[in-house]
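Chemist: Sending over a structure as structure tokens; questions will come in a sec.
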Amino acid sequence: MMSMITNYKGFNRVTSIVKPEQQFKALFDQFEEGILIVDHTGKIVYANKKYADIFSVNFNDIVRKKFNKVTHDEALDFAFRNKTKVLGSLRFEQFCKNIKVSVYPVINENGFEGLVALYSLLSKERAQIVGDSTFNKNNSCDDLKNNTLNKKFDNIITKNKDMYTIMKSAKKAAKVSSTVLIRGESGTGKELIAKGIHNLSPRKNKPFIKVNCGAIPEHLLESELFGHEKGAFTGAVATKIGKFERAQGGTLFLDEIGDMPVHMQVKILRVLQEKEFERVGGTKSIKCDVRILSATHKNLEELVNQGQFRQDLFYRLNVISLTLVPLRNRPEDIPLLLNHFINSYQKKMDSQVKSVSKKVINVLQNYTWPGNVRELKNLMERLMVMTESEQIEIEDLPSHLSKLYKVNSISPICSTEESFKTLEEYEKEIIFKALQKFKSFNATGKALGITHKTVAAKARKYGFI
152 MMSMITNYKG FNRVTSIVKP EQQFKALFDQ FEEGILIVDH TGKIVYANKK YADIFSVNFN
212 DIVRKKFNKV THDEALDFAF RNKTKVLGSL RFEQFCKNIK VSVYPVINEN GFEGLVALYS
272 LLSKERAQIV GDSTFNKNNS CDDLKNNTLN KKFDNIITKN KDMYTIMKSA KKAAKVSSTV
332 LIRGESGTGK ELIAKGIHNL SPRKNKPFIK VNCGAIPEHL LESELFGHEK GAFTGAVATK
392 IGKFERAQGG TLFLDEIGDM PVHMQVKILR VLQEKEFERV GGTKSIKCDV RILSATHKNL
452 EELVNQGQFR QDLFYRLNVI SLTLVPLRNR PEDIPLLLNH FINSYQKKMD SQVKSVSKKV
512 INVLQNYTWP GNVRELKNLM ERLMVMTESE QIEIEDLPSH LSKLYKVNSI SPICSTEESF
572 KTLEEYEKEI IFKALQKFKS FNATGKALGI THKTVAAKAR KYGFI
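Numbering (my numbering), first residue to last: 152 to 616.
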């Protein structure tokens, strides 16, 4: 097939104009592989229908744009920089699809004309075969040979640049033994990042043990972490191995570290400093070779100032800090996540839902998502069960989201004749019109996806009450 593409008499014209000939487009839209054509400057000049389906993009949104601004594709980048082919390079795309990538340079008497890249979706079984036999077999690019970033973070579905920066930082952090503090709101994927760091680290074949510091009763936390000896307290009928011992040689992930009682923080600090501990009721020191990763949704600096978190422990845990981006600041990820959840739930639930309408996508991209990706996942699970058609529409949404669509439909914020307004002016107008429509703070808050207290505060700020 590659020979047919590169030898096609219209290829040179395709790489120099935005729209390929109609017969060319019709032909390539029939292929099972995704096709992407890049010109000698790195601009995308053509993508077939299959490519758009695989990557959930619209051709009009990517045409004439530099490929490295549209896709984080190391195979394509290496082939472009080195004017060479890359064959059989398997990557785990960020929205959980196994994809075989093959990139071919087009070189003629005029020199380098561009690249043609082919993308094939693989089953998990086929991906394993291809990965074992042909991954980077035909090139010597170190970046490609060590292309484990998406593989180890393949459950983090994103094309957000800030999230990619975070994953790159996490990859660097994985190579060392320093502590890492992962910050972010609930539901942003802190545990996924922690697991990715562990799986990329030299400790990847050792245990990854998670402790939710906020879910264990305070009087049991020390025993859970350090274990106890038989007879250490009433009910201790046998020796118990704690989380630190279970994680020996591996990684201990202290989730919601901001909820840890101060008296336990001292004990954690000692382990970090001295690399040893004793079980509850024990006298023997146990050597500890464990890497500590921690996570919180709280402001630890503020807790330190309030005396609720030890400053010395904070510095110990915060050697490397990663702050995850909330979903409301990643609207470009909403279509990717929707596509992923539809594919995931279709088979499990035998659902007939295949797509989401543009109006629904627009609503979801403008919602505040206090529960982040976890909230979106739960919403999609509900919609996949309850929706009776092949496409999710506004009327299928729960009331707090369908009302948001109605609020946005009251009137445009800024018409083409108006000059641009400040964000504060936008906010003032939205709050005013929503209050006019829904009358109460509670109803307005539900419609806008914020608390009634926030609505009241905004109303006072703008002089509505």
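C-beta: ideal position from N, C-alpha, C; glycine also.
As a quick exercise: from Asn350, Ser591, Tyr496, Asp190, pick the residue whose alpha carbon is nearest that of Gly262.
Modeler: Taking the first residue of the sequence shown as 1, we reach residue 262 at position 111. Of the candidates Asn350, Ser591, Tyr496, Asp190, the one whose C-alpha sits nearest the C-alpha of Gly262 is Asp190.
Chemist: Thinking C-alpha only, which one of Ala226, Ile205, Lys234, Ile188 is nearest Arg215?
Modeler: The count along the sequence shown starts at 1 and reaches residue 215 at position 64. The shortest C-alpha separation from Arg215 is found at Ile188.
Chemist: Where Leu178 and Ser328 are concerned, what is the direct C-alpha to C-alpha distance, given to the nearest angstrom?
Modeler: Taking the sequence shown and counting its residues from 1, the one referred to as residue 178 is at position 27. Taking the sequence shown and counting its residues from 1, the one referred to as residue 328 is at position 177. Rounded to whole angstroms, Leu178 to Ser328 spans 53 Å at the Cα level.
Chemist: Taking 8 Å as the cut-off, decide whether the C-beta atoms of Tyr466 and Lys510 are in contact.
Modeler: Residue 466 sits at position 315 when you count from the first residue of the sequence shown. Residue 510 sits at position 359 when you count from the first residue of the sequence shown. No, the Cβ-Cβ distance between Tyr466 and Lys510 is not below 8 Å.
Chemist: Tell me which residues share the same chain as Tyr202 and place their Cβ nearer than 7 Å to its Cβ, disregarding the 5 neighbours each side in the sequence.
Modeler: Walking along the sequence shown from the start, residue 202 turns up at place 51. Closer than 7 Å at Cβ, skipping near neighbours: Gly185, Ile186, Leu187, Tyr270.
Chemist: Report the option in Asn523, Glu575, Lys357, Asn249 whose CA atom is closest to the CA atom of Lys612.
Modeler: Taking the sequence shown and counting its residues from 1, one reaches residue 612 at position 461. The shortest C-alpha separation from Lys612 is found at Glu575.
Chemist: Assuming the contact rule is C-beta atoms closer than 8 Å, Gly433 and Glu375 should be a hit. Round their C-beta distance to whole Å, please.
Modeler: As a first step, residue 433 is located in the sequence shown; it is residue number 282 there, counting from the start. As a first step, residue 375 is located in the sequence shown; it is residue number 224 there, counting from the start. About 15 Å separates the two Cβ atoms, so there is no contact after all.
Chemist: Pop quiz: Arg430 and Gly401 are said to be a contact at Cβ under 8 Å. What is the actual Cβ separation, rounded to whole angstroms?
Modeler: Here the question's residue 430 lines up with position 279 in the sequence shown. Here the question's residue 401 lines up with position 250 in the sequence shown. That belief does not hold up - the Cβ atoms of Arg430 and Gly401 are roughly 19 Å apart, past 8 Å.
Chemist: Near Glu544, which residues of its chain fall below 6 Å by C-beta distance, leaving aside the five closest residues on each side in sequence?
Modeler: Along the sequence shown, read from residue 1 onward, the residue named residue 544 stands at position 393. Correct list, in chain order: Ser508.
Chemist: DSSP puts Asn363 in a beta bridge; with which residues?
Modeler: Within the sequence shown, residue 363 is the residue found at index 212, counting from 1. Bridge partners of Asn363: Asp406.
Chemist: So, helix, strand or coil for Leu300, using DSSP?
Modeler: Counted from its first residue, the sequence shown places residue 300 at position 149. Its pLDDT being 41, under 50, Leu300 is placed unreliably in this model, and the coordinates cannot settle the point.
Chemist: Shortest alpha-carbon distance to Leu473 belongs to which of Ile392, Asp313, Val254?
Modeler: The residue labelled residue 473 in the question sits at position 322 within the sequence shown. That would be Asp313, whose Cα lies nearest to the Cα of Leu473.
Chemist: DSSP state of Phe182, grouped into three classes?
Modeler: Numbered from 1 along the sequence shown, position 31 holds the residue referred to as residue 182. Three-state DSSP puts Phe182 in coil, outside helix and strand.
Chemist: Any idea what DSSP makes of Ala446, helix, strand or coil?
Modeler: Within the sequence shown, the letter at position 295 stands for residue 446. Correct three-state label for Ala446: strand.
Chemist: Report yes if the C-beta distance between Leu475 and Gly335 is below 8 Å; otherwise report no.
Modeler: Residue 475 sits at position 324 when you count from the first residue of the sequence shown. Residue 335 sits at position 184 when you count from the first residue of the sequence shown. A contact, by the Cβ cut-off of 8 Å.
Chemist: Per DSSP, Gly265 forms a beta bridge with which residues?
Modeler: As a position in the sequence shown, residue 265 is number 114, starting the count at 1. DSSP output for Gly265 lists Asp190, Val257 as bridge partner(s).
Chemist: Is the number of C-beta pairs between the stretch 361-372 and the stretch 548-555 that are closer than 8 Å three or more?
Modeler: Too few Cβ pairs lie closer than 8 Å, so no.
Chemist: From which residue to which residue does the beta strand (DSSP E) around Arg334 run?
Modeler: Position 183 of the sequence shown holds residue 334. Where Arg334 is concerned, the enclosing beta strand (DSSP E) stretches over 331-334.
Chemist: Can you tell me which of the three DSSP states Asn249 falls into?
Modeler: One-based indexing of the sequence shown puts residue 249 at position 98. Here Asn249 sits in strand by DSSP.
Chemist: Applying the criterion that 16 or more other CB atoms from any shown protein chain within 10 Å of the CB defines a buried residue, is Thr595 buried or exposed?
Modeler: Start at 1 with the first residue of the sequence shown, and residue 595 comes out as number 444. So Thr595 counts as buried.
Chemist: Helix, strand or coil for Tyr270? Go by DSSP, reduced to three states.
Modeler: Numbered from its first residue, the sequence shown carries residue 270 at position 119. Of the three classes helix, strand and coil, the one that applies to Tyr270 here is strand, per DSSP.
Chemist: Just to confirm the assignment, what range does the beta strand (DSSP E) spanning Ala198 have?
Modeler: Taking the sequence shown and counting its residues from 1, one reaches residue 198 at position 47. Here the beta strand (DSSP E) through Ala198 covers 195-198.
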